[in-house]
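> Residue numbers (this note's numbering), protein chains in the order written: chain A, 222 to 613; chain B, 160 to 535.
Heads up, the beta-carbon is just placed ideally off N, CA and C, and yes, glycines get one too.
Please find one structure pasted underneath; my questions will follow.
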């Protein structure tokens, strides 16, 4: 009888977890639909366009129309492809994107209920960083399995890019974990109660956000699926529902990066007056809009520049973050010293980077000066000939 | 799984790969095809293939009457139609010794410079896409669309105008042209400035294009580069200045030149040329006289005297030349075009050597080819 009770309890638990996974999937799908609509609208406004308007009020039905189109489309399997790899690659990508969300909490929870999360883990951050790497495997497999040279190039690019940018993300996460003395996302949010970590560690947010952009492959780091070079990279041979699955994973990942950044640095659900979930959504969508804004502004980097940026700028800066956090914790200095050290690092590197990057543009002054000199000479010559003056 | 059309390097490490780009590729600007021989992300060699848009325009010209050929020239460089029409009309006019009415010359200059702006705006949009930015395209195409609306009001067509005639124009401008262009110019200036601002000094764009695809002025001349591709190297050569045609000697404008001859300088020269073209249009509007725009020829069938003539002009892409041989009949005996895109493209092999794969599209974009003109 005891055994049957245990069985019943564990069955209820399994059922509960399945139900919450299902609802998580539904919520994430709706979020992806909203994100695609929001991206189209935001980009449209940035480019002085309207974005979708014909499908429903304000084009709200556009994502549904897109999804229907993608599902109905013929799913083409290239004859030269490695079938098993070709089929399994999208699954790996989307499952790893989905699994990250299992342990991202959306509310503080209480002793009696665990709040808005499938399963909060004490090693949540460790779990998330571990699963974030798995998606790369799917991309490489997709590129290789589709028997397309552009696919292979894109897959190799994605491997190089994502592994490089995983390092600064993990290092920054370590710095945050040192501050909170925990890997539990709830504890991290709770420990930001008086002061948000963005005030203490602004450098951390910048590194996390930039490296996060590279992790999900968004502009200016959308190198592995660059349309103008490798025409979609690993996705080039995919169509229909399989392509939609990649698309889904990309948006889930974008949302995950924004959510993690707001949990780790912006205090998650902390905030006055409004309910916690609303605060979290405000912060997350603000970050997502920044992602879209960047997409509307910047061109794409080249692969060598991308790698140089990762290893020469991001990784040393992330190490610097860890060092200053450790010094701050060891000597028990006041919090503003960490802010100062963090801002100093950001300022120095930002200035050096700016100088280096804007140097060629400044040389245009040389060209302009030469132009003006030449035109002055020409005008003087014209005047002495009476050439132009006679016409005017 | 990839079919191995590649060889193992002697050191056994890297694999060289033959990568086909085009004729169906989003960044080969039409139906250009290049076969890249790459080692990882480095380009070892490139084999350009042209001819996918070959329509035999030059041969068709030999079977058409002189007035009919204007429509064929519209279709050579299909983003700079008025400039093409102008150079052909000038060739026949030179052969026949015609003088064009003053007003028609000014109208031609205004339309050609507007077309230069439209063409360069298209370039700004496409180089943005090649480098991975999508917003400049939207800004640039809005300006281009405005210009094309004006062209439609003037000639009845957005692109294939067939508006210039040998000895003048098809008809005078619409009555409200002055008002339309006065309204257009400030908007166009805003569009140019916007698309310039968002991309030209963007740090990532600079790092993608500066010191990429460098060519010296000497080499550029050896390859026969003209137009912005040559001026980007710092060599000041513009047919409008070097050998003024039409009424270009009456305007005050600068010839922008670059410094290093890289992709960014070519881009910068084009952007500055748009500002100069605005300047020319404003002067032309002020100076434009009243009077007839059609020649005494009317719509008669023309038979130029036997002889041959070579005429050149500055197109948005460089120097276009037309070599025309007449035997006194109503059709040309031979018509040869020296297309700027084709000559500029000849430097591609040299520019792509040891570049990155991602640079190939930027370099090709900075040469700003139009396949209708390359293949003819």
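1) Hey, residue 347 of chain A and residue 320 of chain A: beta-carbon distance below 7 Å or not?
2) May I ask you to list, following chain order, the residues of the stretch 262-294 of chain A that have a beta carbon less than 8 Å from some beta carbon of chain B?
3) Name the chain B residues that come within less than 8 Å of residue 517 of chain A, Cβ to Cβ?
4) May I have the straight-line CA-CA distance separating residue 292 of chain A from residue 194 of chain B, to the nearest angstrom?
5) With DSSP collapsed to three states, give me the class of residue 344 of chain A.
6) If you draw a straight line from the alpha carbon of residue 213 of chain B to that of residue 535 of chain B, how long is it in whole angstroms?
7) Would you kindly report the start and end of the unbroken alpha helix (DSSP H) that includes residue 445 of chain B?
8) Mind pulling the chain A residues with CB within less than 8 Å of residue 289 of chain B?
9) In angstroms, rounded to a whole number, what distance separates the CA positions of residue 448 of chain A and residue 291 of chain B?
10) Please name the residue in B:432, B:358, B:409, B:355 whose C-alpha comes closest to that of residue 388 of chain B.
11) Indicate whether at least one CB of chain A lies closer than 7 Å to the CB of residue 297 of chain B.
12) Could you tell me whether the Cβ of residue 576 of chain A comes closer than 7 Å to any Cβ of chain B?
13) Would you identify the three-state DSSP class for residue 479 of chain B, choosing helix, strand or coil?
14) In the DSSP assignment, what residue or residues form a beta bridge with residue 514 of chain A?
15) At least one CB of chain A closer than 7 Å to the CB of residue 366 of chain B: is that the case?
16) Starting from residue 469 of chain B, trace the beta strand (DSSP E) in both directions and tell me its first and last residue.
17) To the nearest angstrom, report how far apart residue 489 of chain B and residue 414 of chain B are at their CA atoms.
18) Can you list, in chain order, the residues of its chain whose CB lies under 7 Å from that of residue 271 of chain A, leaving out five sequence neighbours each side?
19) Considering only residues of the same chain and omitting the five flanking positions on each side of residue 559 of chain A, which have a CB-CB separation below 8 Å?
20) Consult DSSP for residue 122 of chain B and reduce its assignment to one of helix, strand or coil.
21) Can you check whether the C-beta of residue 439 of chain A is within less than 7 Å of a C-beta belonging to chain B?
22) Does DSSP put residue 323 of chain B in a helix, in a strand, or in coil?
23) Could you list the residues in the stretch 498-517 of chain B with a C-beta less than 7 Å from some C-beta on chain A, going in chain order?
24) Would you tell me roughly how many angstroms separate the C-alpha atoms of residue 279 of chain B and residue 429 of chain B, rounded to the nearest one?
25) With a threshold of 7 Å between beta carbons, is residue 533 of chain A in contact with chain B?
26) Are the stretch 499-514 of chain A and the stretch 531-542 of chain A touching, with three or more C-beta to C-beta distances below 8 Å?
27) What do you reckon, are the CB atoms on residue 502 of chain A and residue 489 of chain A nearer than 7 Å?
28) Does the beta carbon of residue 311 of chain A come closer than 7 Å to any beta carbon on chain B?
29) Apart from the five residues just before and just after residue 311 of chain A, which ones in its own chain have a Cβ nearer than 6 Å to its Cβ?
30) Indicate the three-state DSSP secondary structure (helix, strand or coil) for residue 208 of chain B in the structure shown.
31) Within 7 Å (strictly less), CB to CB, does residue 185 of chain B reach chain A?
32) To the nearest angstrom, report how far apart residue 306 of chain B and residue 465 of chain B are at their CA atoms.
33) Is residue 554 of chain A helix, strand or coil when you go by DSSP?
34) Compare the beta carbon distance of residue 417 of chain B and residue 373 of chain B with 7 Å and say whether it is the shorter of the two.
35) May I ask which residues mark the beginning and end of the beta strand (DSSP E) holding residue 180 of chain B?
36) Given 8 Å as the limit, is there contact between the stretch 261-270 of chain B and the stretch 326-345 of chain B, that is, 3 or more CB pairs closer than that?
Walking through what the data contain:
1) Start at 1 with the first residue of the first chain, and residue 347 of chain A comes out as number 126. Start at 1 with the first residue of the first chain, and residue 320 of chain A comes out as number 99. No, the Cβ-Cβ distance between residue 347 of chain A and residue 320 of chain A is not below 7 Å.
2) 264, 267, 268, 269, 270
3) As a working note, residue 517 of chain A is residue 296 in the first chain. Result: 293, 294.
4) Here the question's residue 292 of chain A lines up with position 71 in the first chain. Here the question's residue 194 of chain B lines up with position 35 in the second chain. When rounded, the distance between both Cα atoms is 35 Å.
5) Position 123 of the first chain, counted from the start, is the residue given in the question as residue 344 of chain A. DSSP places residue 344 of chain A in coil when its eight states are reduced to three.
6) On the second chain, residue 213 of chain B is found 54 positions in, with the first residue counted as 1. On the second chain, residue 535 of chain B is found 376 positions in, with the first residue counted as 1. Near 5 Å, if we compare the C-alpha coordinates of residue 535 of chain B and residue 213 of chain B.
7) Counting from one through the second chain, the residue named residue 445 of chain B turns up at place 286. Note, residue 445 of chain B: alpha helix (DSSP H), 422-446.
8) The residue labelled residue 289 of chain B in the question sits at position 130 within the second chain. 449, listed in chain order.
9) On the first chain, residue 448 of chain A is found 227 positions in, with the first residue counted as 1. On the second chain, residue 291 of chain B is found 132 positions in, with the first residue counted as 1. Looking at the two C-alpha atoms, the distance is approximately 8 Å.
10) Along the second chain, read from residue 1 onward, the residue named residue 388 of chain B stands at position 229. Comparing Cα positions, the closest option is B:432.
11) As a first step, residue 297 of chain B must be located in the second chain, where it is residue number 138. Interface residue, yes.
12) The residue given as residue 576 of chain A occupies position 355 in the first chain. With 7 Å as the cut-off, residue 576 of chain A does not count as an interface residue toward chain B.
13) The residue given as residue 479 of chain B occupies position 320 in the second chain. DSSP places residue 479 of chain B in strand when its eight states are reduced to three.
14) On the first chain, position 293 is the one that residue 514 of chain A refers to. Its beta-bridge partners do not exist; DSSP assigns none.
15) Reading the second chain from its first residue, position 207 is the one you call residue 366 of chain B. It does: the Cβ of residue 366 of chain B has a partner Cβ on chain A nearer than 7 Å.
16) Along the second chain, read from residue 1 onward, the residue named residue 469 of chain B stands at position 310. First-last of the beta strand (DSSP E) with residue 469 of chain B: 466-474.
17) Taking the first residue of the second chain as 1, we reach residue 489 of chain B at position 330. Taking the first residue of the second chain as 1, we reach residue 414 of chain B at position 255. Cα-Cα distance, rounded: 39 Å.
18) Residue mapping note: residue 271 of chain A aligns to position 50 of the first chain, counting from 1. Cβ neighbours of residue 271 of chain A beyond the five flanking positions: 265.
19) As a position in the first chain, residue 559 of chain A is number 338, starting the count at 1. These residues qualify, in order along the chain: 421, 422, 545, 546, 549.
20) A question about residue 122 of chain B goes unanswered here, because the residues of chain B that appear run from 160 up to 535.
21) Counting from one through the first chain, the residue named residue 439 of chain A turns up at place 218. So no, residue 439 of chain A is outside the interface.
22) One-based indexing of the second chain puts residue 323 of chain B at position 164. Residue 323 of chain B: strand per DSSP, three-state reduction.
23) 515, 516, 517
24) By one-based count along the second chain, residue 279 of chain B stands at place 120. By one-based count along the second chain, residue 429 of chain B stands at place 270. The alpha-carbon atoms of residue 279 of chain B and residue 429 of chain B are separated by roughly 6 Å.
25) The sequence position of residue 533 of chain A within the first chain is 312, counting from 1. Judged by the 7 Å Cβ criterion, residue 533 of chain A is not in contact with chain B.
26) no
27) One-based indexing of the first chain puts residue 502 of chain A at position 281. One-based indexing of the first chain puts residue 489 of chain A at position 268. Not a contact, by the Cβ cut-off of 7 Å.
28) On the first chain, position 90 is the one that residue 311 of chain A refers to. Chain B, which has no Cβ nearer than 7 Å to the Cβ of residue 311 of chain A, makes this no.
29) Translated into the one-based positions of the first chain, residue 311 of chain A becomes position 90. 463, 466, 467.
30) Position 49 of the second chain, counting from 1, holds the residue named residue 208 of chain B. Residue 208 of chain B: strand per DSSP, three-state reduction.
31) Sequence index remark: in the second chain, residue 185 of chain B carries index 26 (1-based). Cβ-Cβ to chain A under 7 Å: yes for residue 185 of chain B.
32) In the second chain, the residue the question calls residue 306 of chain B occupies position 147. In the second chain, the residue the question calls residue 465 of chain B occupies position 306. One C-alpha to the other measures close to 39 Å.
33) Mapped onto the first chain, residue 554 of chain A falls at position 333. Looking at residue 554 of chain A - three-state DSSP - the assignment turns out to be coil, as it is neither helix nor strand.
34) Mapped onto the second chain, residue 417 of chain B falls at position 258. Mapped onto the second chain, residue 373 of chain B falls at position 214. Against a cut-off of 7 Å, the Cβ pair of residue 373 of chain B and residue 417 of chain B comes out as no contact.
35) What you label residue 180 of chain B is simply residue 21 of the second chain in a count that begins at 1. Where residue 180 of chain B is concerned, the enclosing beta strand (DSSP E) stretches over 174-180.
36) yes
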